[in-house]
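Everything below concerns the one structure shown next.
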Amino acid sequence: MLEKVFKVSFTIIGSVGGAGALILYFSNWLGKVWATKIAEEERQVHRKEIEKFKSDLQQLSHSRKDFLTRKREVYQQMAVSMRIFIEGSSPSSEEDKNNFLNTYDLCYLWGSDEVLNIIGDFLELNIKQARNPTADNQNKMKKLYSKCLIEMRKDSGHVNTKLNSDSYKFVKFN
Numbered sequence: 002m003l004e005k006v007f008k009v010s011f012t013i014i015g016s017v018g019g020a021g022a023l024i025l026y027f028s029n030w031l032g033k034v035w036a037t038k039i040a041e042e043e044r045q046v047h048r049k050e051i052e053k054f055k056s057d058l059q060q061l062s063h064s065r066k067d068f069l070t071r072k073r074e075v076y077q078q079m080a081v082s083m084r085i086f087i088e089g090s091s092p093s094s095e096e097d098k099n100n101f102l103n104t105y106d107l108c109y110l111w112g113s114d115e116v117l118n119i120i121g122d123f124l125e126l127n128i129k130q131a132r133n134p135t136a137d138n139q140n141k142m143k144k145l146y147s148k149c150l151i152e153m154r155k156d157s158g159h160v161n162t163k164l165n166s167d168s169y170k171f172v173k174f175n
């Protein structure tokens, strides 16, 4: 009888152990399946975030290129239109004056603070020059004009320029 009890006990323990092994195997397998599914869902979320980031970055890059292009165009116009104030330039017409005023407005919208401050100094000196013309004021205006051109260069992408206000040469035709 004791032998039957041992057989039944071993059979029960074996069954429970076998079932435990099966449960352990299936729970391990099911855990891997769930982990794979969760990891794939996370990858999809990250892919979408990366694609959105790339799109936003590309849009920002395009916007900055447009801004820089517009700024360069305005700076080109401003550099040319400011010459009406420099002695030795061709006489200015009403069209030249209006062109300067229009370009100044555009520059005020698109130009950097540094460029606008130099233009402001240039215009203040021009007002002094108009009231009391002196060669010294004209030389200062030329320096400010050159300084403005250099600042426009820096703001347009030539940040490491080695030029200074003495680098620009004013040419006068007789």
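Count along the sequence shown starting at 1, add 1, and that's the number in my numbering.
Even glycine gets a Cβ: it sits at the ideal position worked out from N, Cα and C.
query: Own chain partners of LYS129 with C-beta closer than 7 Å, once the 5 adjacent residues on each side are dropped; result: ASN138
query: SER147 classed as buried or exposed, judged by whether at least 16 other C-beta atoms fall within 10 angstroms; result: buried
query: Residue environment, LEU145, which counts as buried when at least 16 other CB atoms sit within 10 Å; result: buried
query: Status (buried if at least 16 other CB within 10 Å, exposed otherwise) for VAL34; result: exposed
query: Environment of ILE24 [buried if 16+ CB atoms lie within 10 Å]; result: exposed
query: Closest Cα partner of ASP156 within the set HIS63, SER64, THR104 and LYS72; result: LYS72
query: Residue burial classification, VAL172 (beta-carbon count within 10 angstroms, cutoff 16); result: exposed
query: Status (buried if at least 16 other CB within 10 Å, exposed otherwise) for THR104; result: buried
query: First through last residue of the alpha helix (DSSP H) which encompasses ILE151; result: 136–156
query: Terminal residues of the alpha helix (DSSP H) in which ASP97 lies; result: 95–111
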